[in-house]
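Sequential numbering from 1 applies to the sequence shown in full-length UniProt numbering. First up is the structure itself, then whatever we jot down about it.
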Amino acid sequence: MAKEKDGSHGGEEETGWAAMFLATLIYSSNGRRCCETRRILFQFKAPHLSIFSTTTSILLLHPSIHPSTRRFCFSLLCFPVVILCTSTAQAQLSCFSYKSFSLSHTHTLSLSASSALDPAMAPRPAAAAALAACILAVAATLAGADDPYRFFTWNVTYGSINPLGSTPQQGILINGQFPGPRIDCVTNDNIIVNVFNNLDEPFLLTWNGIKQRKNSWQDGVLGTNCPIPPGANYTYKFQAKDQIGTFVYFPSVAMHRAAGGFGALNVYQRPAIPVPYPPPAGDFTLLVGDWYKAGHKQLRQALDAGGGGALPPPDALLINGMPSAAAFVGDQGRTYLFRVSNVGVKTSVNVRIQGHSLRLVEVEGTHPVQNVYDSLDVHVGQSVAFLVTLDKAAQDYAVVASARFSPGAAPLMATGTLHYSSAVSRAPGPLPAPPPEQAEWSMNQARSFRWNLTASAARPNPQGSFHYGTIATSRTLVLANSAPVLAGQRRYAVNGVSFVVPDTPLKLVDNYNIANVIGWDSVPARPDGAAPRSGTPVVRLNLHEFIEVVFQNTENELQSWHLDGYDFWVVGYGNGQWTENQRTTYNLVDAQARHTVQVYPNGWSAILVSLDNQGMWNLRSANWDRQYLGQQLYMRVWTPQQSFSNEYSIPTNAILCGRAAGLGH
1 MAKEKDGSHG
11 GEEETGWAAM
21 FLATLIYSSN
31 GRRCCETRRI
41 LFQFKAPHLS
51 IFSTTTSILL
61 LHPSIHPSTR
71 RFCFSLLCFP
81 VVILCTSTAQ
91 AQLSCFSYKS
101 FSLSHTHTLS
111 LSASSALDPA
121 MAPRPAAAAA
131 LAACILAVAA
141 TLAGADDPYR
151 FFTWNVTYGS
161 INPLGSTPQQ
171 GILINGQFPG
181 PRIDCVTNDN
191 IIVNVFNNLD
201 EPFLLTWNGI
211 KQRKNSWQDG
221 VLGTNCPIPP
231 GANYTYKFQA
241 KDQIGTFVYF
251 PSVAMHRAAG
261 GFGALNVYQR
271 PAIPVPYPPP
281 AGDFTLLVGD
291 WYKAGHKQLR
301 QALDAGGGGA
311 LPPPDALLIN
321 GMPSAAAFVG
331 DQGRTYLFRV
341 SNVGVKTSVN
351 VRIQGHSLRL
361 VEVEGTHPVQ
371 NVYDSLDVHV
381 GQSVAFLVTL
391 DKAAQDYAVV
401 ASARFSPGAA
411 PLMATGTLHY
421 SSAVSRAPGP
431 LPAPPPEQAE
441 WSMNQARSFR
451 WNLTASAARP
461 NPQGSFHYGT
471 IATSRTLVLA
481 NSAPVLAGQR
491 RYAVNGVSFV
501 VPDTPLKLVD
511 NYNIANVIGW
521 DSVPARPDGA
531 APRSGTPVVR
541 LNLHEFIEVV
551 FQNTENELQS
561 WHLDGYDFWV
571 VGYGNGQWTE
581 NQRTTYNLVD
591 AQARHTVQVY
601 PNGWSAILVS
611 LDNQGMWNLR
621 SANWDRQYLG
631 QQLYMRVWTP
641 QQSFSNEYSI
651 PTNAILCGRA
661 AGLGH
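Right, here's the structure in full:
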């Protein structure tokens, strides 16, 4: 806590302000910081300071500093903590160990005494460069070379694409690309993406599987963010905090996802934390999904149609935007990592490679036990990564994705080519056959996915050091999907409540205490048999609760559920109606952790979630037609002890719309 001057800092009288930061800095043997967490406590002698925050930094400015200099300083995002203060009121950055509370480092930056409280003597724009140099010098001392920033500028446009090779379609392009640009980054990198919306309607991107630690402001769904208006831009600022693995981004407004705008987001491990397999010779990204000849506006109209409200069957499957032309080139005898994500609207797929085995090494950012498979089911919104060794004759082999659990005599199929660099011919024989269509086969494969307890993921500690199976749950939610007709329109619902997107994002509603928008706890914890209804449900949960969620599927259609902000443990799958007796079948030792789980027709899936990430988080059907028509809700994870250690403040560039328009940041 801040203390009165006792002469240890030159005997100056403390007439201004002071702040102390309690933090944990963990250093490797060479002194370089490899991990950092902060708890930030403030105690001010003067209450008139301005406090600004970004997703990774705190900037404290005395009000005497010129506004243009403030804006310039705030635009600098490459520092963890910067304090500007006067020499008569120095501020110390004191870093302690949580356990020992022993002083380890102190850094102080001061301005001249003459500029202390006199606005006339405050730094002017001409001095901004010198001031920035001081800031960056201190930043270098504090941060070293850790947590770099990666900047992207994306222009979102319509463009002509021809994925099916017949009639050109209007697609959504990012920087002229379909699929969109791939983001490659490293654990803890800071990602800055400036998105310019050149479409004729509002647009948003969400970052599927990125946890947005303490930062649901950047989640990019309609419950957290106002969409980017046509002709405007928004800059996302988020961190791949303590994550590695295979992720994607995609548009989250209306049915834009069906027109493109999606792409890969691959997070690589830090050199200090090796993955539990030899480094591959390279890696390939496969974005697999269903595709429609109809445009996204036509699909939206089909869903909005009174009484109908259903999409037609998709027309094709694509791999990286192509039905048959994707190619992956490697050298004989070497091993490659294949990253597969299902970016489709509603269709599960099975992926396989002719004549080659698939060694599963990643499931949505976590390491599984490395079982070997002939093929893998990947449901909507899910991602996996597997190793393939090119140990066959030097030929071309088929990479196949086929639809699963979809009506029709001939399931849709997309093909690519695994091309040995020295190949001159295609491997003989038919394409590899799909697995049995029965849900039981797929469920048994899902049960075989096991968490690797000894492997490290993004952190050096083993995954199994968190003994989730020994923690008592604080509550149980049983969530059943349904397909009611409300006011003459087909809708989808959770426990009888169909979500209606409000005119103001729920995160803004909560932040500004706007009344009569949120239906707090309006979804019952279990199906109650009440009449179907519309609403804007938000379930209130406490930070650090440990909860059980059971997804009950009462329909003949396979469901896929995604939770933003978290991974969870999939402890059980089953057929029929879930009962509490099913808990005896749970895997409480090494259940696979992931962010999206499938629920088989007329069956159930159970997950355990550790609510360690404060914010407003979307729990939704990953089947985008069902999400669009109401099969979703939000979970507000909160604590009354407000602190930057729990959640960041609203970004200064947040778009304010609806009832929050004009309220200010």
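No residue lacks a Cβ here, since even glycine has one placed at the ideal position from N, Cα and C.
Host beta strand (DSSP E) of His562 (start-end): Stepping through the sequence shown from its first residue, residue 562 is reached at position 562. Run containing His562: Gln559 to Leu563, per the beta strand (DSSP E) assignment.
For Tyr236, I'd like the list of residues in its chain whose CB is within less than 6 angstroms of its CB, leaving aside the five on either flank, ordered along the chain. Along the sequence shown, one-based indexing puts residue 236 at 236. Closer than 6 angstroms at the Cβ level, and outside the excluded window around Tyr236, lie Val193 and Gln218.
In whole angstroms, what separates the C-alpha of Leu164 from that of Thr347? The residue given as residue 164 occupies position 164 in the sequence shown. The residue given as residue 347 occupies position 347 in the sequence shown. Rounded to whole angstroms, Leu164 to Thr347 spans 17 angstroms at the Cα level.
Quick one: grab the DSSP three-state call for Glu647. Locating residue 647 in the sequence shown gives position 647, counting from the first residue. If DSSP states are grouped into helix, strand and coil, Glu647 belongs with coil.
Using a threshold of 6 angstroms, is the CB atom of Pro601 nearer than that to any non-hydrogen atom of the ligand HEM? Looking for the ligand HEM in the displayed structure turns up nothing, as the structure carries no ligands at all.
Beta-carbon proximity of Ala414 to Ala401, cut-off 7 angstroms: Working through the sequence shown from its first residue, we reach residue 414 at position 414. Working through the sequence shown from its first residue, we reach residue 401 at position 401. Contact: yes.
Compute the distance between the beta-carbons of residue 670 and Asn175, then report whether it is under 7 angstroms. This structure cannot speak to residue 670, because the chain is shown only from 1 to 665.
To test your reading of the DSSP string, which unbroken alpha helix (DSSP H) runs of 4 or more residues are found completely within the UniProt domain "Plastocyanin-like" (283-422)? 296-304
For Ile191, count the other beta carbons within 10 Å of its own beta carbon; 16 or more makes it buried, fewer makes it exposed. Which is it? Counted from its first residue, the sequence shown places residue 191 at position 191. Buried, because 16 or more other Cβ atoms sit within 10 Å of the Cβ of Ile191.
Answer with buried or exposed for Gly282, where buried requires no fewer than 16 other C-beta atoms within 10 angstroms of its C-beta. As a position in the sequence shown, residue 282 is number 282, starting the count at 1. So Gly282 ends up on the exposed side.
Return the Cβ separation of His562 and Arg620 in integer angstroms, given the expectation that the two are a contact with Cβ distance under 8 angstroms. Numbered from its first residue, the sequence shown carries residue 562 at position 562. Numbered from its first residue, the sequence shown carries residue 620 at position 620. With 8 angstroms as the limit, His562 and Arg620 qualify as a contact, their Cβ atoms being about 6 angstroms apart.
With a threshold of 7 angstroms on Cβ separation, who are the neighbours of Ser216 within its own chain once the five nearest residues in sequence on each side are excluded? On the sequence shown, position 216 is the one that residue 216 refers to. So the list reads Thr224, Lys507, Gly565, Gly615, Met616 and Trp617, once near-sequence residues are dropped.
Validate contact between the stretch 457-474 and the stretch 513-524 using beta carbons, cut 8 angstroms, 3 pairs: no
What number of angstroms, rounded off, separates the C-alpha of Ala457 from the C-alpha of Val388? Here residue 457 is taken as the residue at index 457 of the sequence shown, counted from 1. Here residue 388 is taken as the residue at index 388 of the sequence shown, counted from 1. Roughly 21 angstroms separates the two Cα atoms.
Pairwise C-alpha distance: Asp146 and Pro394: Locating residue 394 in the sequence shown gives position 394, counting from the first residue. Locating residue 146 in the sequence shown gives position 146, counting from the first residue. The sequence given here has Ala at residue 394, not Pro. Ala394 and Asp146: Cα-Cα distance of roughly 43 angstroms.
Got a sec: is the Cβ-Cβ distance from Phe196 to anything in chain C below 7 angstroms? Absence of chain C from the displayed structure is noted, only one protein chain being present.
Report yes if the C-beta distance between Leu360 and Asn342 is below 7 angstroms; otherwise report no. If you number the sequence shown from 1, residue 360 lands on position 360. If you number the sequence shown from 1, residue 342 lands on position 342. Contact: no.
Is the Cβ-Cβ distance between Pro276 and Ala455 less than 7 angstroms? Within the sequence shown, the letter at position 276 stands for residue 276. Within the sequence shown, the letter at position 455 stands for residue 455. In contact: Pro276 and Ala455 (Cβ atoms closer than 7 angstroms).
Return the CA-CA distance between Arg213 and Gln642, expressed in angstroms with no decimal places. If you number the sequence shown from 1, residue 213 lands on position 213. If you number the sequence shown from 1, residue 642 lands on position 642. Arg213 and Gln642: Cα-Cα distance of roughly 15 angstroms.
Based on the DSSP secondary-structure assignment, which residues constitute the bridge partners of Ser482? Locating residue 482 in the sequence shown gives position 482, counting from the first residue. Beta-bridge pairing links Ser482 to Ala493.
Can the beta-carbon of Phe338 be found less than 7 angstroms from the beta-carbon of Phe262? Walking along the sequence shown from the start, residue 338 turns up at place 338. Walking along the sequence shown from the start, residue 262 turns up at place 262. No, these two residues do not count as a Cβ contact at 7 angstroms.
For residue 667, which of Ile655, Val637, His595 and Lys392 has the nearest alpha-carbon? Nothing can be reported for residue 667: it is not among the residues displayed for the chain, which extend from 1 to 665.
Short of 7 angstroms in beta carbon distance, which residues of its chain neighbour Asn524, apart from the five on each side in sequence? Order them along the chain. The count along the sequence shown starts at 1 and reaches residue 524 at position 524. Reading off the sequence shown, one finds Pro at residue 524, where the question assumed Asn. The answer, listed in chain order, is Asn495.
Select from Ser560, Trp604, Asp189 and Glu201 the residue whose C-alpha is nearest the C-alpha of Gly381. Position 381 of the sequence shown, counting from 1, holds the residue named residue 381. The residue with the shortest Cα to Cα distance from Gly381 is Ser560.
Whole runs of the alpha helix (DSSP H) within the UniProt domain "Plastocyanin-like" (504-642), excluding any shorter than 4 residues: 506-511 and 624-628
Residue(s) in a DSSP beta bridge with Asp184: Sequence index remark: in the sequence shown, residue 184 carries index 184 (1-based). Looking at the DSSP assignment, Asp184 forms a beta bridge with Asn266.
Reducing DSSP to helix, strand and coil, say where Thr157 ends up. As a working note, residue 157 is residue 157 in the sequence shown. Note: Thr157 maps to strand in three-state DSSP.
Give me the Cβ distance between Asn556 and Pro434, rounded to the nearest whole Å; I'm assuming they're in contact under 8 angstroms. By 1-based counting over the sequence shown, the position of residue 556 is 556. By 1-based counting over the sequence shown, the position of residue 434 is 434. With a Cβ gap of about 20 angstroms, Asn556 and Pro434 do not count as contacting.
Using DSSP's beta-bridge definition, name the partner residues of Thr476. By one-based count along the sequence shown, residue 476 stands at place 476. Note: Thr476 sits in a beta bridge opposite Glu548.
Of the choices Pro227, Val186, Val637 and Arg450, whose alpha-carbon is the least far from that of Tyr586? Working through the sequence shown from its first residue, we reach residue 586 at position 586. If we check each option's Cα against that of Tyr586, Arg450 comes out closest.
Thinking C-beta only, is Pro179 closer than 7 angstroms to Asp200? As a working note, residue 200 is residue 200 in the sequence shown. As a working note, residue 179 is residue 179 in the sequence shown. No, these two residues do not count as a Cβ contact at 7 angstroms.
Continuous beta strand (DSSP E) assignments of at least 3 residues falling wholly in the stretch 211-249: 233-239
Assuming Leu303 and Gly309 are in contact, meaning their beta carbons sit under 8 angstroms apart, how far apart are those beta carbons, in whole angstroms? Within the sequence shown, residue 303 is the residue found at index 303, counting from 1. Within the sequence shown, residue 309 is the residue found at index 309, counting from 1. With a Cβ gap of about 6 angstroms, Leu303 and Gly309 count as contacting.
Let me check understanding here. Comparing Cα to Cα, which of Ser482, Trp291, Tyr512 and Ile161 lies closest to Pro527? Numbered from its first residue, the sequence shown carries residue 527 at position 527. Nearest C-alpha to Pro527: Ser482.
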